[in-house]
DNA sequence: GTCTATACCTTGATAGAC
DNA sequence: GTCTATCAAGGTATAGAC
């Protein structure tokens with residue numbers, strides 16, 4: 048296995064992933080990651096040259112997590128309509144995390160757009176959004192809605208980001224589920240003909 | 048005038064407001080604010096005991112800005128329906144800022160929910176959301192939709208936050224305006240009977 | 001490959017002269 | 001009221017022993 052297969056490296060990325068999500072990137076220090084993993088600070092630089100490289104690795108890790116999530120959506124049904132419904136249910140499914148910390152890519156994006164550095168990580172983050180958008184487009188295409196597939200897909204992402212943010216700010220479980228239902232109703236409506 | 052009327056104090060808050068918006072709270076240092084205002088770092092502590100107090104002052108400043116914005120919405124028409132449409136158009140109206148830095152309260156909230164400190168500022172931030180929500184509720188009430196006023200209001204906030212976040216991530220001006228139009232269509236639909 | 005020690009800088013915050 | 005000098009703590013990053 049290559050350098051990326053190191054057990055320590057993976058433990059660092061996993062801990063950083065959790066901490067970046069629960070505290071934010073800028074509020075997570077090497078000491079925090081060291082405390083969580085038991086790996087001394089100085090040892091990080093054997094695996095990563097800078098803190099941003101850890102960030103990049105975390106974003107890549109989230110990319111594969113979202114790929115797996117999309118695989119689950121595909122496995123849920125052969126019907127693209129059902130797949131989209133499964134997709135739209137993800138925020139509600141991850142209720143407790145969403146209420147506490149928001150969306151793993153939405154909140155991180157909000158944090159990173161504000162900085163002039165981290166261009167690499169930021170590009171990779173946008174790639175995660177692209178992944179989701181393109182997957183949705185495929186589903187809409189398969190439903191014969193190719194003329195509106197792009198707009199519908201961005202709409203869907205915006206709706207989910209919006210209810211996630213409001214549910215997070217208010218820690219409102221009720222709203223999260225009610226609004227998720229509304230999104231699913233909207234999906235059924237636009238995909239029925 | 049009270050202590051809050053000091054010219055220097057106001058200059059600090061205004062500079063901090065801009066910087067917190069464009070760089071984020073945690074990424075803005077006293078040195079940054081000092082550079083912008085020309086006021087030496089050490090002098091800040093005459094006006095504010097901690098950095099969080101500056102944050103609180105900034106949030107209070109944004110609260111009054113949003114109050115003014117709502118006043119403009121009310122002045123735009125006597126019809127609550129028109130007022131809501133004016134409100135829904137705000138992200139599109141502030142296009143350039145939204146595309147670059149997102150929503151002034153949405154992004155700040157996302158940043159602050161992740162921290163255990165800043166409870167005071169966080170509470171005041173939620174108060175800004177409450178202000179907007181309650182104003183929307185009033186408009187829906189006036190339209191005879193009191194049974195759905197609360198849900199509609201949260202929906203509206205979520206929609207605007209969602210399109211703002213996606214427009215920000217993608218720096219997509221087209222989407223911002225198209226999706227704003229959709230929200231306004233939705234408003235006309237649910238308020239017509 | 002792993003760990004310790006440490007350099008160097010910036011941070012928020014303080015003390016005290018003027 | 002305003003400013004300079006400085007503090008202690010914590011940040012990222014490096015050097016080098018094992």
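Residue numbers (my numbering), protein chains in the order written: chain A, 48 to 240; chain B, 48 to 240.
Note that the Cβ used here is the ideal one computed from N, Cα and C, for glycine as well.
This one's a predicted model, so the numbers in the text were calculated from it and none came from an experiment.
In the DSSP assignment, residue 156/A falls within the alpha helix (DSSP H) that extends over 153–159. Straight-line spacing of the CA atoms in residue 158/A and residue 68/B works out to 11 Å. For residue 95/B, no alpha helix (DSSP H) encloses it, and the DSSP letter there is neither H nor E. The C-alpha of residue 218/A lies about 9 Å from the C-alpha of residue 148/A. Per DSSP, reduced to three states, the secondary structure at residue 72/B is coil, with no helix or strand assignment. In this structure the stretch 221–231 of chain B does not lie against the stretch 161–176 of chain B, because fewer than three pairs of beta carbons, one per stretch, are closer than 8 Å.
Restricting attention to 127/A, 86/A, 175/A and 72/A, the CA atom closest to the CA of residue 100/A is found in 72/A. Around the C-beta of residue 202/B, 16 or more other C-beta atoms lie within 10 Å, and the residue is accordingly described as buried.
Here residue 112/A is exposed: its Cβ has fewer than 16 other Cβ atoms, across all protein chains shown, within 10 Å. Close CB contacts of residue 103/B within its chain, under the 8 Å cut and outside five residues either way in sequence, are with 167, 168 and 171 (chain order).
Per DSSP, reduced to three states, the secondary structure at residue 165/A is coil, with no helix or strand assignment. Judged by DSSP secondary structure, residue 235/B falls within the alpha helix (DSSP H) whose first and last residues are 220–237. The Cβ of residue 212/B sits closer than 7 Å to at least one Cβ of chain A. With a 10 Å radius around the Cβ and a threshold of 16 neighbouring Cβ atoms, residue 196/B comes out buried. Here residue 179/A carries a helix assignment [DSSP, helix/strand/coil].
Collapsing the DSSP output to three states places residue 87/A in coil. Per DSSP, the continuous alpha helix (DSSP H) segment holding residue 132/B begins and ends at 127–135. Here residue 87/B is exposed. Its C-beta has fewer than 16 other C-beta atoms within 10 Å.
In the structure shown, residue 192/B adopts coil according to DSSP, grouped into three states. Bounds of the alpha helix (DSSP H) holding residue 143/B are 142–148. A distance below 7 Å between beta-carbons, with the five flanking residues on each side excluded, links residue 156/A to the following residues of its chain, in chain order: 172. Residue state for residue 55/B is assigned as helix, using DSSP reduced to three classes. Under a 10 Å Cβ-count criterion, residue 53/B is classified as exposed, with fewer than 16 other Cβ atoms of the shown protein chains found around its own Cβ.
By the Cβ rule, the stretch 198–214 of chain B counts as touching the stretch 204–222 of chain A, because three or more pairs are nearer than 8 Å. With fewer than 16 other beta carbons inside 10 angstroms of its own, residue 85/B counts as exposed. Leaving aside the five residues that flank residue 110/B on each side, the residues in its chain whose CB is nearer than 6 Å to its CB run, in chain order, 175. For residue 95/A, the CB contacts under 6 Å within the same chain, skipping 5 residues up- and downstream, are 101 in chain order.
Going by beta carbons, residue 70/B and residue 161/A fall inside the 7 Å limit.
For the C-beta of residue 208/B, the chain A residues within less than 8 Å are, from N- to C-terminus, 208, 209, 212 and 213.
Residue-level contact by beta carbon fails for residue 231/A and chain B, as no gap is shorter than 7 Å. Of all residues in the stretch 175–195 of chain A, only 176 come within less than 8 Å of chain B when Cβ atoms are compared, listed by chain position.
Looking at 198/B, 224/B, 220/B and 239/B, the one whose alpha-carbon comes closest to that of residue 222/A is 198/B.
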